[in-house]
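Take the sequence shown: its position 151, counting from 1, is numbered 432 in my numbering, and each next residue is one higher.
We put the beta carbon where it would ideally sit given N, CA and C, even for glycine.
Since we're looking at a predicted model, the values are computed, not measured.
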Amino acid sequence: DARPSYNLFADRRLYAPVEGEEYPNFLSLSTGKTYSYSEAAAVSDQIDFGIDTIFDSTPENTGFLVYNLYALTVDEYPVPYYDVSGWTKRETKFSAPLSFSNSRQFFTQTLVSSSRIETEAMKQTIDKEQTNGVVYNSGGMVATQIIYFQTPEGKYGAIYVNQATRDQQNRQYVSVDIKVQK
282 DARPSYNLFA DRRLYAPVEG EEYPNFLSLS TGKTYSYSEA AAVSDQIDFG
332 IDTIFDSTPE NTGFLVYNLY ALTVDEYPVP YYDVSGWTKR ETKFSAPLSF
382 SNSRQFFTQT LVSSSRIETE AMKQTIDKEQ TNGVVYNSGG MVATQIIYFQ
432 TPEGKYGAIY VNQATRDQQN RQYVSVDIKV QK
C-alpha cells in the first residue's frame with residue numbers, strides 16, 4: 282500500500298485554442314484537470330496555465346504549430362480572443378524547456394519522489410511566466426522536453442511533453458505528463 286509523495290497526471294491533452302471552439306486548453310496543476318475557456322472562467326482560482334499556438338514561419342516548417350504555455354500573470358495575453366482580465370491570477374512560474382536525450386527515462390526513473398522532484402527543479406531557474414518558442418522544434422512545448430514549475434503554494438513539479446499531434450477529428454493538441462509534489 283505504498284503511496285507516492287507526488288501526484289502523477291498522465292496524458293493530459295491541451296488543444297490549440299481556436300476562436301469560437303470549446304476544447305480544453307487550460308490546466309490546473311493541483312487537480313490535473315484540463316478546462317475549456319468557459320469552464321476555466323468558473324474556476325480561475327485553480328488555473329495554473331493555458332496554452333497558445335503560433336505558426337512556425339521558417340521555410341522548412343511552414344504551417345507547423347508551435348505550442349507555448351503561459352501563466353495568467355503575463356502582461357500581455359497571447360490568445361487575444363480570451364478575456365482573462367477578471368480571472369484570479371495564480372502566480373505559477375516555469376523553467377525554460379529542457380531537452381536532453383534520455384528525458385523520458387529521467388522523468389519516469391529519476392523523478393521518483395517529492396524530494397527528488399524538488400532537488401532537480403531547484404537546479405533550474407524557475408522564473409518564467411510563459412515559454413517563448415517561435416520555431417516548431419525549439420523553445421516551446423516540444424516532444425521529449427521537460428519544463429519544471431513552482432506553484433504559488435511552493436510545490437515543485439515537472440511537465441513532460443509527450444507529443445504534439447492531431448486527434449481523429451483533426452484537432453491539434455499537445456499531450457503532457459505531470460508530476461507535482463503533494
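Query, Result
"Where the alpha helix (DSSP H) through ALA267 begins and ends", "This structure cannot speak to residue 267, because the chain is shown only from 282 to 463."
"Identity of the residues DSSP links to TYR316 by a beta bridge", "PHE307"
"Under the three-state DSSP convention, the category ALA297 falls into", "coil"
"Neighbour-count burial assignment, MET403, 16 or more Cβ in a 10 Å radius", "exposed"
"DSSP bridge partner residues for GLN386 (one or two, in chain order)", "None; GLN386 has no bridge partner."
"Three-way DSSP call (helix, strand, coil) for SER366 in this model", "coil"
"Delimiting residues of the beta strand (DSSP E) encompassing THR334", "330-336"
"Neighbourhood of LYS436 by C-beta, 7 Å cutoff - its chain only, sequence neighbours within 5 removed", "VAL461 and GLN462"
"Same chain only: Cβ atoms within 6 Å of VAL360, ignoring 5 sequence neighbours per side", "PRO298 and ASP333"
"Sequence-distant residues of the same chain with beta carbon closer than 8 Å to ARG371, five excluded per side", "ASP326, GLN327, ILE328, ASP329, ALA352, LEU353, THR354, THR432 and PRO433"
"Span of the beta strand (DSSP E), counted from its first residue to its last, around SER396", "Segment 395-402 is the alpha helix (DSSP H) holding SER396; no beta strand (DSSP E) there."
"Selected residue, minimal CA-CA separation from LEU295, among ARG284, LEU289, GLY301 and LEU308", "LEU308"
"Local conformation of SER286 per DSSP, three classes", "coil"
"TYR348 versus VAL324 - alpha carbon distance", "23 Å"
"Closest by C-alpha distance to VAL442, when choosing among ASP448, GLN426 and TYR454", "GLN426"
"Of the listed residues GLN450, ARG447, GLU341 and ILE440, nearest to TYR287 (C-alpha basis)", "ILE440"
"VAL424 in three-state terms, based on DSSP", "Position check: residue 424 holds Ala in this sequence, whereas Val was assumed. In this structure, ALA424 counts as coil in the three-state DSSP scheme."
"6 Å CB neighbourhood of VAL457 in its chain, flanking five on each side removed", "ARG293, ILE440 and VAL442"
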